[in-house]
Amino acid sequence: HWHKNQKVIAMPADLPISGNNDNTGETVGIPGSGSDPVAMHTTPVVADEENNATSDPDTQTGIILSPRQQRALNYLARRHMRNANIAKRQTYADMLETRYNEQRESSSDPRTPIPHPRDEEIELDQPLFSPWNGGPTRDILKHNNNNKHDDPVTLQEEDEQPSIEMLAEDTQGFFETPHSEIIILPTLDELALLTDFPESIHPTQPLIEKPTSIVKAPVSRPLAPRNAGTAQPVPARTIRSRSAAQKVWRRKKILRHLSRKHLRAARATEYRANRRLWSGIGTIFLALLLTFLSVGTAGSIGVYRFYSQTQNKYEHQVITLRDLLPQDNLKMYDSKGVPLMQMTDQGVHTSVSFDEVAPVLIRATVATEDKNFWTNEGIDILRIFRAAIDNLDNGQVVEGGSTITQQLIKNLVVGNQATLSRKLQEVVLTPQVNSLYTKRDILEMYLNSIYYGQQAYGIDAAATMYFGIEDQPGKRAASQLDLAQAAMLAGIPSNPSAFDPLLHPKAGFQRFQTVLGLMVTQHYITRVEALDAMKEAQSPHFFKKAPSLLDRAPHFTSFVLDQLVHIFGLKNRSQLSRSGMIVNTTLDINLQDKIQKIAQRHIAELRAAHNLTNAAEVLIDYHSGAIISLLGSIDYNNTAINGQFDVATQGYRQPGSSFKPYVYVTAFKQGASPAQAIVDAPTTIANPGGSPAFYSPTNYDLSFHGHMTMRCALQNSLNVPAVRVLKHVGISAAMQTAKDMGITSYEGTPGYSLVLGGLGIRLIDHTSAMGTFANGGVHVGYYAVSKVVSAASHKVIYQHQIDQGKRVISPQLAYMMTNVLSDNTARIPEFFDCNVLQLYSKSQDNCYNGDRGIVRPAAAKTGTTQNFRDNWTVGYTTDYVMGVWAGNDDNSPMYNVTGVQGAAPIWHDSMLVAEQGHPIRDFINPGGLEQATVTYHDGVKTQAHPYCPSVFSFVDNPPANQSGNGWW
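With my numbering, the residue at position 417 of the sequence shown is 423, and numbering never jumps.
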């Protein structure tokens with residue numbers, strides 16, 4: 007306020023410059039009157055305009071710097087030493103002095119620079135220049151601050167830390183500047199702020215006494231703004247001599263204010279920065295919290311929904327987990343339990359129980375796949391993390407974290423897609439599986455479902471595929487594994503394509519060593535046992551192929567599969583592959599192997615000279631219809647002879663004279679007998695609708711043999727008498743007899759050539775039909791499947807019912823035919839005495855020498871087609887009926903090979919092998935027949951040497967001496 011001639015400048019007491027010492031809690035500031043609270047916070051400056059004198063009421067006291075003040079000074083020193091530009095400041099001081107002198111010269115009360123003597127009192131007539139008087143000092147200070155980086159040469163280095171002594175020296179020099187220099191000090195307002203410091207807690211005696219002048223009442227005058235146009239005159243005041251201590255006091259006072267000011271600004275900046283930082287952090291945290299809560303809520307809902315959906319989707323599968331195990335392959339066995347084949351088009355699999363697995367295999371699997379299997383809850387968290395770290399370190403998947411339980415769920419329930427959802431589904435379902443099933447059950451299902459390479463699914467199949475170990479009654483292949491075999495198999499499932507020891511021997515053996523190392527580490531085996539296992543694995547015979555996987559009877563097994571498709575009403579064979587059927591058949595594989603060797607040997611003898619390359623064979627127990635042996639060719643794998651084609655069941659070949667028994671027995675049904683007289687002479691028969699219009703048959707030797715009996719004509723395979731018999735009985739009647747006896751299918755059109763084998767029929771049908779004669783006129787259909795058992799339930803799902811057969815001819819007619827076909831004497835004219843249609847135990851050479859050995863009764867009929875394209879021999883004993891075909895699959899002709907030369911030797915030797923161990927029995931006369939011995943009379947024409955012997959056995963009434971019954 008302005009009062010007349012006096013101006014009092016007062017400072018409010020509540021300015022923020024005052025405060026507390028952070029270390030002591032005491033009030034620091036500039037000391038004042040201890041009793042007057044107003045004096046403590048207000049420092050008046052009284053100016054007398056009349057005498058231009060100013061009294062200074064300030065009392066100078068000593069100052070003790072607290073640690074906070076010390077830090078402030080250090081901060082100020084660092085800041086001023088960095089930012090002060092001495093050269094710029096000096097320039098602006100000179101400019102200020104010049105401006106000031108100009109103003110003094112133009113004013114009635116000029117102001118001059120203040121000299122600064124050190125020890126003498128300042129002259130009273132010299133006006134004091136200071137910031138209290140206003141002026142451009144503050145602007146210069148601002149300008150200096152704005153140009154603090156203009157001269158980097160004069161700046162201190164950024165990392166300099168001046169001491170308090172350097173600061174004091176610099177500051178003292180600042181105030182002891184010569185009169186030509188201008189002192190740059192705080193503004194009047196800033197200096198007024200410095201007077202508001204509280205009294206120090208350590209007051210000292212004042213260096214000078216307080217002024218005693220009386221303060222006049224201030225003169226009221228309008229308040230003039232600072233720096234408002236022209237410079238205002240500085241009120242005169244009396245300035246006492248200032249000692250060095252007073253200078254120090256004022257210097258410290260100013261520096262303290264400046265340090266506090268900059269400290270407050272720095273603190274304010276830091277506060278604002280911290281506030282912005284923490285505000286940002288708080289905002290981010292709040293956003294993250296809200297996001298987490300939102301995502302957590304949504305995630306919880308999503309997790310619950312995923313968990314519920316997974317449980318609902320797979321609940322039934324988990325409960326019925328055993329039903330999801332892969333079905334076993336269809337396996338086929340012969341009549342004695344010898345494995346014949348497995349269907350492997352969809353892989354090999356055989357289910358075994360936990361107790362049917364070798365314990366060493368169980369230990370090797372646990373050590374390799376899940377060492378904590380017996381103790382974990384289905385999920386191994388540590389293993390998952392360890393596997394993840396190993397995979398990240400290697401940059402690829404080198405280890406899986408799934409337990410055996412998780413792998414079981416993957417294989418049977420959720421599939422093996424490489425997705426996160428599939429992995430999470432495993433985690434959701436694992437506790438349920440672990441609670442529903444025992445560890446033994448889980449491991450059993452795992453070993454039955456895991457893939458071991460080489461199309462082997464399950465441990466039992468792997469034992470068979472890699473080591474040739476066959477299942478035996480009461481002894482599974484998996485139970486026969488040793489340590490080396492078990493360790494080799496245990497290392498495959500983690501990567502079957504890479505660790506398959508047959509495809510990748512080196513990688514497979516390294517994996518094998520790893521498994522042995524794990525077993526040693528986990529104390530399942532000793533190091534010595536591991537070394538012994540490695541030696542065993544290096545043997546060249548370590549890996550073997552199982553015989554059952556080679557399909558020992560491919561034509562027969564193929565025929566059986568067709569039978570199964572028909573029995574179970576399936577669409578195709580593929581439905582049988584994983585049906586889990588155990589098929590017991592009628593085949594005797596050991597006997598068939600012997601027969602196959604006989605056929606191969608005999609064909610080899612005739613191949614070069616007679617162009618005979620192939621043969622087929624069927625052996626049937628005609629009492630039951632069981633097929634004991636079936637060869638579709640002599641070599642299934644020989645493509646040169648089209649060995650895969652099954653002639654026995656699929657080929658329709660002309661039977662030649664072997665078809666005649668069906669025609670002759672039809673005549674017997676109509677009243678003829680084997681002793682019936684018939685003539686072999688040129689014959690021409692009309693052939694309505696046929697081509698040619700007339701049919702004239704001829705015999706094989708192109709000769710005619712005159713009068714004879716039917717027995718003689720049939721046993722010597724004469725064609726002309728046979729055609730005459732067919733003409734008498736009728737083609738349709740003969741075909742009906744053949745059909746009733748078992749010829750269910752044929753190719754071609756029946757005609758008079760029928761009796762000569764003009765139709766194409768199958769070997770298996772022909773053999774079965776001939777067995778009707780051996781079975782007393784009762785036809786029993788053939789079959790190959792005796793029983794089918796489900797591998798899963800061990801229940802019989804199919805059992806062949808004993809067929810009582812169907813009577814198609816009387817026992818007497820059957821016996822008459824058997825009696826004729828077994829009469830070796832009657833066929834001597836064509837086949838000679840020691841023909842191979844007799845089952846003598848000695849060789850044919852011995853027979854020619856008169857030593858037949860033991861002769862087993864047998865009935866047989868041969869057949870040869872035109873141009874020697876087909877050879878047949880079909881015959882039977884009291885036990886079996888066998889049919890043999892010999893020829894070429896391409897239907898090319900053989901060279902001079904008749905039935906008795908091509909097919910008959912195979913039939914002879916094979917029947918002897920098949921009858922080994924069977925008692926020798928003759929065919930039984932059913933009764934109701936008459937047997938007589940007569941002398942064949944010439945009748946019409948006398949023959950010096952009759953074609954057939956003169957003594958015959960016959961049935962019914964003896965033939966008349968004269969041939970008048972219409973047969974010839």
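Glycine included, each C-beta is placed from N, C-alpha and C at the ideal position.
Just grab the DSSP bridge partners of residue i for me.
i: residue 766; result: 753
i: residue 473; result: 550
i: residue 777; result: In the DSSP output, where bridge partners are listed per residue, residue 777 has none listed.
i: residue 805; result: 793
i: residue 712; result: 686
i: residue 478; result: 481
i: residue 870; result: 877
i: residue 659; result: 767
i: residue 882; result: 865, 887
i: residue 700; result: 692
i: residue 975; result: Coverage of the chain is limited to positions 7 through 974, which leaves residue 975 absent and any answer about it impossible.
i: residue 463; result: 355, 457
Going by DSSP, what residue range makes up the alpha helix (DSSP H) through residue i?
i: residue 624; result: Unbroken run through residue 624 is the beta strand (DSSP E), 620 to 627; no alpha helix (DSSP H).
i: residue 864; result: That residue, residue 864, is in no alpha helix (DSSP H); it is neither H nor E in DSSP.
i: residue 451; result: 445 to 455
i: residue 685; result: Segment 683 to 686 is the beta strand (DSSP E) holding residue 685; no alpha helix (DSSP H) there.
i: residue 380; result: Element bounds for residue 380: n/a, residue is neither H nor E.
i: residue 646; result: Per DSSP, residue 646 belongs to no alpha helix (DSSP H) and is neither H nor E.
i: residue 583; result: 580 to 583
i: residue 737; result: 737 to 747
i: residue 520; result: 511 to 527
i: residue 936; result: Note, residue 936: premise wrong, no alpha helix (DSSP H); not H, not E.
i: residue 415; result: 410 to 415
i: residue 442; result: 426 to 442
What is the DSSP secondary structure of residue i, reduced to helix, strand or coil?
i: residue 545; result: coil
i: residue 338; result: strand
i: residue 345; result: strand
i: residue 1; result: This structure leaves residue 1 out entirely; the chain is present only between 7 and 974.
i: residue 843; result: coil
i: residue 608; result: helix
i: residue 887; result: strand
i: residue 259; result: helix
i: residue 876; result: strand
i: residue 603; result: helix
i: residue 821; result: helix
i: residue 635; result: strand
i: residue 642; result: coil
i: residue 288; result: helix
i: residue 910; result: helix
How would you call residue i, buried or exposed, if buried means at least 16 neighbouring beta carbons within 10 angstroms?
i: residue 516; result: exposed
i: residue 561; result: buried
i: residue 913; result: buried
i: residue 284; result: exposed
i: residue 280; result: exposed
i: residue 260; result: buried
i: residue 375; result: buried
i: residue 383; result: exposed
i: residue 348; result: buried
i: residue 106; result: buried
i: residue 730; result: buried
i: residue 298; result: exposed
i: residue 874; result: buried
i: residue 808; result: exposed
i: residue 436; result: buried
Where does the unbroken beta strand (DSSP E) through residue i begin, and where does it stop?
i: residue 999; result: The chain is shown only over 7 to 974; residue 999 falls outside these bounds and no answer can be derived.
On the premise that residue j lies in contact with residue i, defined as a C-beta separation below 8 Å, what is that separation, rounded to the nearest angstrom?
i: residue 639; j: residue 620; result: 6 Å
i: residue 449; j: residue 360; result: 7 Å
i: residue 477; j: residue 483; result: 5 Å
i: residue 534; j: residue 462; result: Wrong, their Cβ atoms sit about 30 Å apart, outside the cutoff.
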